[in-house]
Every structure is written in structure tokens, then in C-alpha cells.
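Be aware that the sequence shown starts at 14, since it is given in our numbering, and climbs by one per residue.
The beta carbon of each residue, even a glycine, is placed where N, CA and C say it ideally should be.
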Amino acid sequence: MNVYDFTVTDNKGNSVSLKEYEGKVLLIVNTATRCGLTPQYEGLEALYEKYREQGFEILDFPCNQFAFQAPGDAEKIDSFCRLNYGTKFPRFAKIKVNGSDADPLYVYLKEQKPGRIEWNFAKFLIDRKGNVVLRFAPTDKPATLEKAIEAELAK
Numbered sequence: 014m015n016v017y018d019f020t021v022t023d024n025k026g027n028s029v030s031l032k033e034y035e036g037k038v039l040l041i042v043n044t045a046t047r048c049g050l051t052p053q054y055e056g057l058e059a060l061y062e063k064y065r066e067q068g069f070e071i072l073d074f075p076c077n078q079f080a081f082q083a084p085g086d087a088e089k090i091d092s093f094c095r096l097n098y099g100t101k102f103p104r105f106a107k108i109k110v111n112g113s114d115a116d117p118l119y120v121y122l123k124e125q126k127p128g129r130i131e132w133n134f135a136k137f138l139i140d141r142k143g144n145v146v147l148r149f150a151p152t153d154k155p156a157t158l159e160k161a162i163e164a165e166l167a168k
């Protein structure tokens, strides 16, 4: 089993098989628009712009589970991110990452790199074969992930 075995819902309500990203290096992130870490969107977009031509994708999963810091519907969240941070990477439907109703993708991610998701902007690096290779804390700034991303892209 790997991340390609999952189907998620995009921010328009469509089912998306993660097989669409097969062969790419992925960074899966749970996000929020009203969080002290929200400015990380700027750094995430910089990573995306720098590495996407080499086969890198960021998958953004808004999560309102931490102090209700991702209010609004999918359209409002997407508009906020595009207008304020110029994000172009794929954004998906709002999900839960902890608890009995956690999204199955996040249940799997946490099985691979154990532990509860502590807050918004937890990050999982996925290799080109769909395996979870690293987990980064919410406070890890996107720029600090560059060496790990480059290492996976070089494989």
C-alpha cells in the first residue's frame, strides 16, 4: 500500500485518485487560513515554483480541526490563498486529520510516520513510488525542506 491507493476530494467536490500523481515527489500538508503559521503558504508556493518542473507537487488539505482556524467554504479558502499568497498548487476539500473521523489518507500517513498531527502545517514528504519518507513539524519552515525535496527529486 502507498499514497497512490487513496482517493480524495478536491475543493470542487470531485473525487481525485492520487494515482494521478504517480512518479512525482509530493508534499502533503494540512493547512489553515487563520493560523499563526498561515504565512508558510508563501514558502510553500516558493518551493512549488522552484521544483514543480522537476516533478514536485504540493497537496494542500485545509483542516479546521485546530482552534477552527480554517473557516469558510472551499471557495473562500481557495480565494484567500490565491489572492494573499499566489498559490497555484492543488487544494483539496477540508478534512479532519485526527480522531475517529480522520481522513483515511491521514490515518495512513500517521501509520507510516507515527504520531498525532500536532497543528496546522504538518508536512509529509512522499517519494516517487508513493512511500512516506519524512514527516516535518508544523513549525518547520518550507525553506528548511529543500535539501530533502532535492534528494527525493534526484532519485
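Give the C-beta separation of residue i and residue j to the nearest angstrom, bearing in mind that I take them to be a contact with Cβ-Cβ under 8 Å.
i: ASP153; j: PHE105; result: With 8 Å as the limit, ASP153 and PHE105 do not qualify as a contact, their Cβ atoms being about 21 Å apart.
i: VAL21; j: LYS136; result: Contact doesn't hold; Cβ gap of about 17 Å is too wide.
i: CYS76; j: ASN27; result: The Cβ separation is near 19 Å, so there is no contact.
i: ARG47; j: GLN82; result: 5 Å
Between the alpha carbons of residue i and residue j, how many angstroms are there, rounded?
i: TYR34; j: ALA80; result: 31 Å
i: TYR119; j: VAL110; result: 6 Å
i: TYR17; j: LEU158; result: 22 Å
i: VAL29; j: ASP114; result: 19 Å
i: GLY49; j: ALA150; result: 14 Å
i: GLU165; j: LEU147; result: 10 Å
i: CYS116; j: LYS107; result: The displayed chain sequence assigns Asp, not Cys, to residue 116. Computed Cα separation, rounded: 10 Å.
i: PHE69; j: TYR121; result: 21 Å
i: GLU62; j: ALA87; result: 23 Å
i: GLU131; j: TYR54; result: 18 Å
Please name the residue in the options whose C-alpha comes closest to that of residue i.
i: PRO52; options: CYS76, ASN97, TYR121 and VAL16; result: ASN97
i: ASN24; options: TYR54, GLU70, GLU55 and PHE102; result: PHE102
i: MET14; options: GLY56, VAL145, ALA45 and GLN67; result: VAL145
i: GLU163; options: ARG65, CYS48 and GLY26; result: ARG65
i: LYS168; options: GLY36, LEU31, PHE19 and LYS32; result: GLY36
i: ILE139; options: ILE130, GLN125 and ARG129; result: GLN125
i: PRO84; options: GLU165, LEU39, THR44 and ARG129; result: THR44
i: VAL38; options: GLU62, LYS142 and GLY128; result: LYS142
i: ALA59; options: LYS123, GLN82 and PRO155; result: PRO155
i: ILE71; options: GLU55, TYR54 and LEU40; result: LEU40
i: GLY99; options: GLN67, LYS123 and GLY56; result: GLY56
With a threshold of 6 Å, establish whether the CB of residue i neighbours any heavy atom of the ligand ATP.
i: ASP91; result: The model on display carries no ligand, and the ligand ATP is accordingly not part of it.
In three-state terms, what does DSSP make of residue i?
i: CYS48; result: coil
i: LYS136; result: strand
i: GLU66; result: helix
i: ILE90; result: helix
i: PRO75; result: strand
i: ARG104; result: strand
i: ASN97; result: helix
i: VAL110; result: coil
Does the CB of residue i have a neighbour CB from chain D at under 7 Å?
i: GLU165; result: Absence of chain D from the displayed structure is noted, only one protein chain being present.
Taking the beta strand (DSSP E) that residue i belongs to, which residues open and close that run?
i: VAL146; result: 145-149
i: SER30; result: 28-30
i: ILE162; result: Taken as a continuous stretch (DSSP letters only), ILE162 belongs to no beta strand (DSSP E), being part of the alpha helix (DSSP H) at 159-166.
i: VAL21; result: 20-22
By the DSSP assignment, the alpha helix (DSSP H) with residue i in it spans what residues?
i: GLN82; result: From DSSP, GLN82 is part of no alpha helix (DSSP H); its letter is neither H nor E.
i: PRO117; result: 117-125
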